[in-house]
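Participant:
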Amino acid sequence: MAYVRGCLLAAVVLYALWLPAQKKPSDQPAPAQQQVTVGVSVDAARKTSDLPTSITTDNNTGVESGGYEIRQSAEFGGRIADFSGSHAMWDTLINLGSGPRLLEYTLDMHAPKHTGILFDDLSFSNFGYGGDPDDVTRFRMLKGTLYNLNASFRRNKNIFDYDLLANPLNPSTSNPNIPILDSPHEFLDVNLNLFTLAPVRLRFGWSRVVNEGRTFSTTHQGTEGLLLQPTRQSTDSYHAGFSLRFIPRTSINYDQFYTFFKNDTSAQLNSLPFVLAGGIPVDLGLPFNTVAGQPCATPILGTGFVNPACNGYFRYNRFEPVRNSYPTEQISLQSNYFKKLDVSGRFDYSDTTARVPAFNEVFNGLITRTRQRNFQTNGVNIGVHRVSATADLGLTFWITDQLRLVDDFRFNNFRIPGSWNLMTNSLFGATLLSTPNTFSLATCPPPFTAATCPQHNTSSSADVVQDTWNDFLRQNEKVNTFEVEYDFTRRISAHVGYRYENREITHNISDIQIQSFFPTLPNRGVCVGLPVVNGVCTATVIVGDNNTVPIHAHSALAGFAARPTDAFRISFDTEIFYADKTFTRITPRHLQQYKLRSTYQPKDWLNFGLSVNIRENRNDTADIGNLQHDRSYAFTTTIAPVNATWGLDLSYDYNDIFSQTNICFVATPSPPTALSCGAPFLSGISTYKDRSHYGAGSIYFRPINRLTTAVGYTVTSTAGSTLILNPNAPTGPLSFNYHLPTASLAWEFTKHFTYKTNWNYYGYHEKSDPGPTLPRNFRGNVFTLSLRYSM
């Protein structure tokens, strides 16, 4: 793939450079009027071409050659990055380093008389190559109404290293969390449309997403073992379809989609940093809290060797390849053939198959609570299907030119049956240095108490477990929305409506386990009191649950839109929702939503915008007590006088999020006034609050004709809180300040060359004490120097 992209890039660039060479200098057109491109990027270090200049690819004159108007630009330079503080958070949020960069290359070719042999229009652009976390290439080519080809490639280096995620938060002596994700993503999209204005139109598409890298995770087998997970995932999607336009003002479309997902991610123990007596390497896991017995009360003996009575790992491996296929076919219709009736509809059907051809999990170590020394689980996913059918039908009936009835009906039905077969074999021993015994009558004869018998305790799990799991999930949903819309005048319109939803969710599970318990102590676990045959107790455990939840919901809808003057627009929409039941505890039974949007443009160069979005949710059932709200208020303004030497952008957003619900938890010791929700759990109210302020502003100046400067500032400040049951946990991202000032300069020292300099500052600071984890604060500077050529 990289070779093909390189050949394509080289061919396009060489062809573009060859064409102007065939044109005599006297044939070059006169320069067009220079016009400033408005808009300044607050984070200019990402892409320096965002700084406005009077010569850009969009408005430069370019050259004419071979019947084409050709415009191109290239920007090369480099970054100088320096920061202090948390390296992990810098990589997670910024991930910009020093080094040379291809900051941008663009090429536009246009045949004004549509006389091109292969194409009439071609555009090619890319940026970010050389070391930035995001690099993008876009390509577009078309030939009149014959074809339209679009392709893009994006590579994203995704690092997530946030030490509060999945951190056990032990005392200050514990090891900090490790990187969670270091995985580049590649996205490739190709779309081809043929005969774009013909009665029969064809379209084809292919996209590919590749995720390869490494991630870290943990597994709990007595203690938290650190796992290295080499990530290998890919998704290929194919699309083919056609449209029929034989009927006036009517389009009939048919499309086939096929997606194949492949996941070969595996997991293995990351390292064995400790040793037992005799030099045997072992891993004691991440948590070190000896007071709580993690991994044990005395992990390291006076000899310097590991205590063999500790929880630990010699080996852990897991491999579960996943293969999913998603074939989907869709037919859709859009028509306003009848004067008074507009119709749109869509139906699609999919039968998805998910398979795990072979599951294998191996553990070798010690779980002290159960004496489990090793186990191996093998299984196969018999087959999971997701059969879905969805349909949408929209009708608009024009009673008069001002009055219309709108009805939208949606049907959504899916069912997911699935089944698993698993077998787990376990061996047991008292310490990490003990050799686990297998069971046979030859080595463990009656009365089954010999030292060569398996060494269990009363908490030991079954020696052999045969598990058959069946799961079924189904949803049947029907939603109908009816609205009356009326235009009072050319400038004022309103609508009222009603939405009804009928939703039924069914979830059935069935689990059958055959558990075999070998001596010693075969009458343990579910085999207590059951007969023993030849020293072995066998029990069948059946677990099942059938649950069907019918939900009926009603919504009242209303809104209006007004344009009192050509410069002022305002719209308002609201929904009042009620449901008799919910499927999850945080799903609202009552909902109110209000949306207000307004714009004001008194002059061509002056714009104001206002947006208000308020959502209130609640589920006031006695044992839930869920309350939620999300309130957002935003304002923006742009001042960009035509042909002026300055421009200004300002924006502000305030967001208030609140959630409250009743939870059950365990606390030691139990508070004296606590309410019980079934031993050993206590009932309490969990709250989440977050108020955030976001402000951004930027201004550019052109003090002289060829010099453009800009400064900008963005700040995000949050103040939040939540119920934290662990006293070691800080509030982390609920309360922080994030400052992003920037400054830019562009000097057009010749007609075709522009020198650019950008400065970006990044300052992240959490307001709470970092607690037992390493601080996540950082501050850094990124300077970008570049030279831009425009033709």
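By the working numbering, the letter at position 380 of the sequence shown is numbered 1332, and the numbering carries on one by one without gaps.
For every residue, glycine included, the Cβ atom is placed at its ideal position computed from N, Cα and C.
Here the structure is a predicted model, which means the values were calculated and not measured.
ARG1153: which of THR1441, ILE1204 and HIS1066 sits nearest, CA to CA?
Facilitator: The candidate whose alpha carbon is nearest that of ARG1153 is ILE1204.
Participant: Taking HIS1039 as part of the alpha helix (DSSP H), name the residues at either end of that continuous run.
Facilitator: HIS1039 -> alpha helix (DSSP H) spans 1039-1045.
Participant: PRO1727 to SER1720, Cα distance in whole Å?
Facilitator: Between PRO1727 and SER1720, the C-alpha separation is close to 10 Å.
Participant: Could you give the distance in angstroms between the alpha-carbon of THR1383 and the alpha-carbon of ASN1365?
Facilitator: Going from the Cα of THR1383 to the Cα of ASN1365 covers about 53 Å.
Participant: Counting only the same chain and skipping the five closest in sequence on each side, list residues whose C-beta sits under 6 Å from that of ARG1654.
Facilitator: Here the set comprises THR1597 and THR1660.
Participant: Is the segment 1076-1096 touching the segment 1041-1055, taking contact as three or more C-beta pairs under 8 Å?
Facilitator: Contact between the segment 1076-1096 and the segment 1041-1055 is present, because at least three Cβ pairs lie under 8 Å.
Participant: Note the first and the last residue of the continuous beta strand (DSSP E) segment covering PHE1440.
Facilitator: Here PHE1440 belongs to no beta strand (DSSP E), and DSSP marks it neither H nor E.
Participant: Measuring only the C-alpha atoms, how far is VAL1594 from TRP1557?
Facilitator: Taking the straight line from one Cα to the other gives about 7 Å.
Participant: What is the DSSP secondary structure of PRO1136, counted as helix, strand or coil?
Facilitator: In this structure, PRO1136 counts as strand in the three-state DSSP scheme.
Participant: By how many angstroms is the C-alpha of ASP1415 removed from the C-alpha of ILE1716?
Facilitator: According to the sequence displayed, residue 1716 carries Tyr and not Ile. So the two alpha carbons sit approximately 52 Å from each other.
Participant: Could you tell me whether the Cβ atoms of TYR1289 and ILE1199 are closer together than 9 Å?
Facilitator: For TYR1289 and ILE1199, yes; Cβs fall inside 9 Å.
Participant: Would you grab the beta carbon distance between ASN1316 and ARG1267 for me? Rounded to a whole angstrom, and I think it's under 8 Å.
Facilitator: That belief holds up - the Cβ atoms of ASN1316 and ARG1267 are roughly 4 Å apart, short of 8 Å.
Participant: Can you check DSSP and say which residues form a bridge with PRO1052?
Facilitator: Per DSSP, GLY1030.
Participant: State the start and end residues of the unbroken beta strand (DSSP E) segment that holds ALA1510.
Facilitator: Element bounds for ALA1510: 1489-1517.
Participant: Determine the DSSP secondary structure at THR1242, reduced to helix, strand or coil.
Facilitator: THR1242 falls in the helix class under three-state DSSP.
Participant: Would you kindly check if the distance between the Cβ of TYR1604 and the Cβ of GLY1647 is under 9 Å?
Facilitator: Yes, these two residues count as a Cβ contact at 9 Å.
Participant: Could you check if GLN1181 is buried or exposed, using at least 16 other CB atoms within 10 Å of its CB as the buried criterion?
Facilitator: Buried, by the Cβ-count rule.
Participant: Just how far apart, CA to CA, sit ILE1676 and LEU1634?
Facilitator: If you take the alpha carbons of ILE1676 and LEU1634, they lie about 15 Å apart.
Participant: Tell me the rounded alpha-carbon separation between PRO977 and ARG1023.
Facilitator: With a pLDDT of 36 at PRO977, under the threshold of 50, the predicted position of this residue should be treated as unreliable, though the coordinate-derived value follows. Cα-Cα distance, rounded: 16 Å.
Participant: Can you tell me whether DSSP reads THR1536 as helix, strand or coil?
Facilitator: Coil, per DSSP.
Participant: Using CA coordinates, which residue listed in SER1611, VAL1480 and GLU1429 is at the minimum distance from THR1410?
Facilitator: For the residues SER1611, VAL1480 and GLU1429, the minimum Cα distance to THR1410 belongs to VAL1480.
Participant: Using a C-beta cutoff of 9 Å, does ALA1249 count as contacting chain C?
Facilitator: Annotation note: the requested chain C is absent from the structure, which comprises a single protein chain.
Participant: Can ARG1451 and GLU1429 be called in contact, C-beta distance under 9 Å?
Facilitator: No, these two residues do not count as a Cβ contact at 9 Å.
Participant: Using 10 angstroms around the beta-carbon of ASN1710, count the other beta-carbons present and answer buried if the total reaches 16, otherwise exposed.
Facilitator: Per the 10 Å Cβ criterion, buried.
Participant: Please work out which residues of its chain come closer than 6 Å, Cβ to Cβ, to SER1340, disregarding the five sequence neighbours upstream and downstream, and give them in chain order.
Facilitator: Contacts found: SER1302 and PHE1366.
Participant: In whole angstroms, what separates the C-alpha of GLY1305 from that of VAL1274?
Facilitator: According to the sequence provided, residue 1305 is Thr. The question's Gly does not apply to it. Going from the Cα of THR1305 to the Cα of VAL1274 covers about 11 Å.
Participant: On the CB-based measure, 16 or more other CB atoms within 10 Å of its CB, does LEU1538 come out buried or exposed?
Facilitator: The amino acid occupying residue 1538 in the given sequence is Ile; Leu does not appear at that position. With fewer than 16 Cβ atoms within 10 Å of its Cβ, ILE1538 is classed as exposed.
Participant: Would you mind giving the Cβ-Cβ distance between PHE1730 and PHE1112, rounded to the nearest angstrom? I have them listed as a contact below 8 Å.
Facilitator: With 8 Å as the limit, PHE1730 and PHE1112 do not qualify as a contact, their Cβ atoms being about 15 Å apart.
Participant: Using 10 angstroms around the beta-carbon of PHE1705, count the other beta-carbons present and answer buried if the total reaches 16, otherwise exposed.
Facilitator: It counts as exposed.
Participant: Starting from the Cα of THR1458, find the closest Cα among PHE1213, THR1187 and PHE1424 and give me that residue.
Facilitator: Nearest option by C-alpha distance: PHE1424.
Participant: Mapping DSSP to helix, strand and coil, what is THR1736?
Facilitator: In the structure shown, THR1736 sits in a strand (DSSP, three-state: E or B).
Participant: Does PHE1440 pass the burial test, meaning 16 or more other C-beta atoms within 10 Å, or should it be called exposed?
Facilitator: It counts as exposed.
Participant: Kindly list the residues whose CB is nearer than 7 Å to the CB of LYS975, restricted to its own chain and excluding five residues on each side of it in sequence; keep chain order.
Facilitator: Residue confidence is low: LYS975 scores 39 on pLDDT, short of 50, so the model does not pin down where it sits. Its coordinate-derived value is still stated next. The answer, listed in chain order, is VAL1015, GLU1016 and SER1017.
Participant: What do you reckon, are the CB atoms on TYR1552 and ARG1583 nearer than 9 Å?
Facilitator: Result no, Cβ atoms of TYR1552 and ARG1583 do not sit closer than 9 Å.
Participant: Can you tell me where the beta strand (DSSP E) with GLY1370 in it begins and where it stops?
Facilitator: Element bounds for GLY1370: 1355-1380.
Participant: What is the residue span of the beta strand (DSSP E) that THR1280 lies within?
Facilitator: 1274-1290 is the extent of the beta strand (DSSP E) around THR1280.
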